[in-house]
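Numbering of the sequence shown is given in this note's numbering, commencing with residue 0 and proceeding in unit increments.
The beta-carbon is built from N, C-alpha and C at its ideal position, and this holds for glycine as well.
Small disclaimer: the values here were computed from a predicted structure and weren't measured.
Data first, discussion second: the structure below is written as C-alpha cells.
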Amino acid sequence: MMVRAGVSCVVDLRAAGRPDSPWPDEVQVLACPLAEYAAPDVATVAEISRQVALLIEGGGVAFLHCRAGVQRAPLVACSVLMQMGWGLPAAFRLVASRRTQSAMSDQQLEVLRTLERRLASERVDGKSAPALP
C-alpha cells in the first residue's frame, strides 16, 4: 500500500527503532530516533527536517512514523515545511488541520520557534531554504 501511495522513504522517529519493522523493500527507511514526549534539541530537528526537505525537493515522498503521531511526527512535519520556506504559524495550521490529534508540548513548540528564528537568520545571511515543490 505504501508503494502504491508513492511513499519512497519512511522516516522512523521512534526512540527504539525496530529493524524488524514491516516496511516494503522498495521503501528507504531513515532512522531518526527521537525520545517520546521529549523536546529534541534544535540541531537534531534541523538536520532531520533538512534531510526530509531535500528528499521532497528531489521528488520523493516521505512518511513520518512514530508511535501515535501526536507529538514527534507533527513536530518534524512542521519543521520540514519550515525548511521549505513556510512560517511556523502556517506550517502549524496545515499540520494541525491534517493531523487533528496532534498535541505538541510547550517545549516542543519552543524548539520550532527557535528553529524558525535560526532559519530566518540563515536566510538573511545568504543561505536559502530548499524550494517549494
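For Asp105, the enclosing alpha helix (DSSP H) covers residues 105-123. Non-local beta-carbon contacts of Ser104 in its own chain, meaning distances under 8 Å to residues more than five positions away in sequence, involve Tyr36, Ala38, Gln70 in chain order.
According to the DSSP assignment, Val9 belongs to the beta strand (DSSP E) that extends over 8-11. Beyond the five residues adjoining it in sequence on each side, Glu25 comes within less than 6 Å, by CB distance, of Val2 in the same chain, given in chain order.
Inclusion of Val41 and Thr99 in the CB contact set at 8 Å is not warranted, their separation being larger than that value.
Classified as buried, Met81 has 16 or more neighbouring CB atoms from the shown chains inside 10 Å of its CB. Between Cys77 and Val94 the beta-carbon gap is near 5 Å, inside 8 Å, which marks them as a contact.
Within the same chain, and ignoring the five residues on either side of Arg66 in sequence, the residues whose Cβ sits closer than 7 Å to its Cβ are Arg13, Glu35.
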